[in-house]
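Here is the structure we will look at, set down as structure tokens.
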Amino acid sequence: MKRKTPDGFTLVELLATIAIIGVLSGILIVVIGRARDKAKSTQCLSNLRQITLAMIAYTGENKGRLPAQQTTVDGQPFTWRARLLPYLGDNKSMEVFLCPADDIGRASISPPYDMAYITRTGVMPASYGPAVVWYYISSGTLPYPGAYTGEYRINTIAKPASTLFVTDTGRPANISLPPEQWTETSRFPTTQFSESVMPSVYYSNAWTAYPRHGGDKVNSAFFDGHAAVVSIQELRDNTPGNPNCLYWPYR
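In this note's numbering, the protein residues as written are 21 to 271.
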């Protein structure tokens, strides 16, 4: 007599199916997470490029002068970011100055983003900061060679295509760890450095180029207008005086 095959799954088949679904779900979550991170990194590079193109447009209308940070006649600080706002086209908002992956920066302020966050020095924990030479430029002087008063000019940068303008910036909780192990919990109280970044000189200050998108890679933009991913190790290995240094213009 022929046995009738029972309808539906057996318990073993059901458990096996559940296990397979669990594995596939785990893989899918990882894939979606990586895709999301990649999208954030792509948007971050786009932000950096827009900021740098705005800087180039600014120099074109200001006799080559870079947008230094200065103080207004009534004593209020006026940041380089505020100077670039008129050159950002329709993107005249804080969004372009905030990396999509910068949870700390985004948690510090809420939309709509007030103009004060852009114009006041140190108020907003910025996602992006100038490279070491740009920090001195924004102050109006350079430590070496010689001193410059007033705003620096872009045509004095010997190799704009290989000299950093801005990068992802952050404040590692323990800067002595390898960059791949850095974590960030706060950007304060050293707010005077919230708009500067000193790649490879990280040991002299808590602010540094920050690998926000994984590994030791830092999203960066150069004085010629292009954006790219740079390794922190490359920045650390090539200090001022080295022809491969990416953040010093005298090469």
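Where a beta carbon is used, it is the ideal one built from N, C-alpha and C, also for glycine.
This structure is a prediction, so every number in the text was calculated from the model and none was measured.
Point to revise | A241 - containing alpha helix (DSSP H), residue span | key: First-last for A241: 237 to 242, but that is the beta strand (DSSP E), not the alpha helix (DSSP H).
Practice item. Specify the secondary structure class of L48 as computed by DSSP and reduced to three states. Key: helix
**Study point:** Which of helix, strand or coil DSSP assigns to R173
**Key:** strand
Practice item. Just the C-alpha distance for V116 and L44, rounded to the nearest angstrom, thanks. Key: 36 Å
Practice item. For the beta strand (DSSP E) containing L118, list its first residue and its last residue. Key: First-last for L118: undefined, no H or E at that position.
Review point. T176 to A241, Cα distance in whole Å?
Key: Taking the straight line joining both Cα atoms gives about 18 Å.
**Study point:** Whether A229 touches T189 by CB criterion (8 Å)
**Key:** yes
Check your understanding: Just curious, the alpha helix (DSSP H) that L104 is in, first and last residue?
Key -> 100 to 104
Practice item. Taking L255 as part of the alpha helix (DSSP H), name the residues at either end of that continuous run. Key: 252 to 257
Point to revise | P199 to V32 span [Cα, whole Å] | key: 47 Å
Check your understanding: Closest to I252 by CA distance: which of D244, T205, G245, A151 is it?
Key -> A151
Check your understanding: Can you tell me whether DSSP reads L31 as helix, strand or coil?
Key -> helix
Point to revise | 6 Å Cβ shell around I76 - same chain, five flanking residues per side excluded | key: Same-chain partners within the cutoff: G245.
Check your understanding: Which residue's Cα is closest to the Cα of R232: T99, A88, D123?
Key -> D123
Check your understanding: In terms of residue numbering, what span does the beta strand (DSSP E) encompassing Y107 cover?
Key -> Taken as a continuous stretch (DSSP letters only), Y107 belongs to no beta strand (DSSP E), as it is neither H nor E.
Review point. Cα-Cα, which of A193, R173, N258, A181 is closest to E81?
Key: R173
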